[in-house]
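Asker:
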Amino acid sequence: MYVSMTDMLERASAGHYGVMAINCFNLESAYATIHAAEKANAPIIIDLLMEHLEKHIPREYVLPPVILMAKQAKVEVAINLDHGKSEDYVMDSIEAGFSSVMIDESEKPFRENVQITRRIVEVARQKGISVEAEVGNMGAVKGDHFTQADMYTDPDDAIRFIKRTGVTALALSFGSSHGVMPKDFVPVFDFDIVRKVKEATGIPLVLHGGSGCGADNIKKAIAAGISKVNVGSDVMKAQADAVYAQQQENRAIEYPDLMHGTLQPAMDMVTKYIEISGSAGKNLETM
Ligand SMILES: [Zn+2]
Numbered sequence: 002m003y004v005s006m007t008d009m010l011e012r013a014s015a016g017h018y019g020v021m022a023i024n025c026f027n028l029e030s031a032y033a034t035i036h037a038a039e040k041a042n043a044p045i046i047i048d049l050l051m052e053h054l055e056k057h058i059p060r061e062y063v064l065p066p067v068i069l070m071a072k073q074a075k076v077e078v079a080i081n082l083d084h085g086k087s088e089d090y091v092m093d094s095i096e097a098g099f100s101s102v103m104i105d106e107s108e109k110p111f112r113e114n115v116q117i118t119r120r121i122v123e124v125a126r127q128k129g130i131s132v133e134a135e136v137g138n139m140g141a142v143k144g145d146h147f148t149q150a151d152m153y154t155d156p157d158d159a160i161r162f163i164k165r166t167g168v169t170a171l172a173l174s175f176g177s178s179h180g181v182m183p184k185d186f187v188p189v190f191d192f193d194i195v196r197k198v199k200e201a202t203g204i205p206l207v208l209h210g211g212s213g214c215g216a217d218n219i220k221k222a223i224a225a226g227i228s229k230v231n232v233g234s235d236v237m238k239a240q241a242d243a244v245y246a247q248q249q250e251n252r253a254i255e256y257p258d259l260m261h262g263t264l265q266p267a268m269d270m271v272t273k274y275i276e277i278s279g280s281a282g283k284n285l286e287t288m
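Just so you know, the sequence shown maps onto residues 2 to 288 in my numbering.
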């Protein structure tokens with residue numbers, strides 16, 4: 002069932018669990034993610050990152066087949082544009098058929114972030130499309146650019162932002178970074194930021210960079226008010242590792258077999274995160 006994020010995240014917020022949002026960029030990753038969600042009877046969000054759509058296969062070719070998969074799925078599936086970094090691209094994505102969009106103008110001054118997000122919300126709301134935005138800055142493991150405390154979301158800014166824009170969900174920076182964490186490194190989260198924004202607004206909040214945070218941090222973040230948990234790198238790493246392992250075993254393996262061999266490892270990783278987030282069995286029709 003193809004839906005927006007609104008209802009699934011409101012239920013997650015009320016039920017104190019998280020919905021997983023998995024970064025997909027091709028048919029294999031979307032297929033594996035939806036299949037894992039169906040097996041777990043979990044609502045799921047397919048996050049299509051704008052950067053991937055620009056760098057790999059364009060939106061116009063990736064989105065329609067993924068929408069078809071969502072429509073035919075036995076569970077609720079939202080397709081969200083992840084980190085939409087241009088107002089035009091986000092507006093076009095609404096027209097293209099996304100059921101949800103993230104406008105990420107978090108690097109712009111607060112006022113501008115509010116104004117652009119509000120324009121997106123006005124258009125999206127009329128079409129029943131959910132909108133995610135971000136306040137504060139997120140670093141990345143890549144380039145050793147980890148999120149630092151001065152990049153964390155100011156809770157008062159986040160509260161004002163939510164009231165002025167009417168977004169469906171807001172991404173907060175409170176300790177996580179995008180990417181695969183170095184081995185045995187567990188980031189320290191400032192859960193008070195999440196609690197404060199949640200208490201003041203009640204809206205679903207989003208954890209980005211869920212890969213490598215550790216189950217404990219994810220569960221505590223959900224208890225503090227996170228309702229959407231983004232994971233990309235760990236699933237992509239599972240797929241890349243599967244490619245490497247298969248080629249180690251048989252250098253002459255044919256490409257279709259190689260791609261097919263990435264499905265199960267991706268499904269296993271998505272299943273693991275569905276269990277951590279507590280969303281197994283939370284699909285609307287099975288409740
Ligand atoms: Zn992100």
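Where is the CB? At the ideal position from N, CA and C, for every residue including glycine.
Say whether the region 43-62 touches the region 24-33, bearing in mind that this needs 3 or more beta-carbon pairs closer than 8 Å, one atom from each stretch.
Answerer: yes
Asker: Pick out every residue whose C-beta is nearer than 7 Å to a heavy atom of ligand 1: which are they, in chain order?
Answerer: D83, H84, M139, A172, H179, H209, G210, N231
Asker: Would you mind reading off the limits of the alpha helix (DSSP H) that contains L64?
Answerer: Taking the sequence shown and counting its residues from 1, the one referred to as residue 64 is at position 63. Start and end: 60-73.
Asker: Can you round the beta-carbon distance between H179 and V142 to whole angstroms, since I take them to be within the 8 Å contact cut?
Answerer: The residue given as residue 179 occupies position 178 in the sequence shown. The residue given as residue 142 occupies position 141 in the sequence shown. Yes, they are in contact, since the Cβ atoms of H179 and V142 sit about 7 Å apart, within 8 Å.
Asker: Take every Cβ of the region 143-159, pair it with every Cβ of the region 121-132, and state whether three or more of those distances are shorter than 8 Å.
Answerer: With the cut-off at 8 Å, the region 143-159 and the region 121-132 do not touch.
Asker: Please report the residue range of the beta strand (DSSP E) in which A172 lies.
Answerer: Counted from its first residue, the sequence shown places residue 172 at position 171. Where A172 is concerned, the enclosing beta strand (DSSP E) stretches over 170-173.
Asker: State whether the region 30-49 contacts the region 219-239, with contact taken as three or more CB pairs (one from each stretch) at a distance under 8 Å.
Answerer: The region 30-49 makes contact with the region 219-239: 3 or more CB pairs, one atom from each, lie closer than 8 Å.
Asker: How would you label N251, buried or exposed, when you count the other beta carbons within 10 angstroms and need 16 or more for buried?
Answerer: Here the question's residue 251 lines up with position 250 in the sequence shown. Exposed, by the Cβ-count rule.
Asker: Just list the alpha helix (DSSP H) runs in the region 24-61, keeping only unbroken ones of 4 residues or longer that don't cross its boundaries, in chain order.
Answerer: 28-41, 51-56
Asker: Pull up the DSSP beta-bridge partners for V236, would you.
Answerer: Position 235 of the sequence shown, counting from 1, holds the residue named residue 236. Answer is none; V236 lacks a bridge partner.
Asker: Check whether the Cβ atoms of Y274 and M2 sit closer than 8 Å, and answer yes or no.
Answerer: For this step, residue 274 is matched to residue 273 along the sequence shown. For this step, residue 2 is matched to residue 1 along the sequence shown. Going by C-beta atoms, Y274 is not nearer than 8 Å to M2.
Asker: Using the rule of at least 16 other Cβ atoms within 10 Å of the residue's Cβ for burial, across every protein chain shown, is H57 buried or exposed?
Answerer: Numbered from its first residue, the sequence shown carries residue 57 at position 56. Exposed, because fewer than 16 other Cβ atoms sit within 10 Å of the Cβ of H57.
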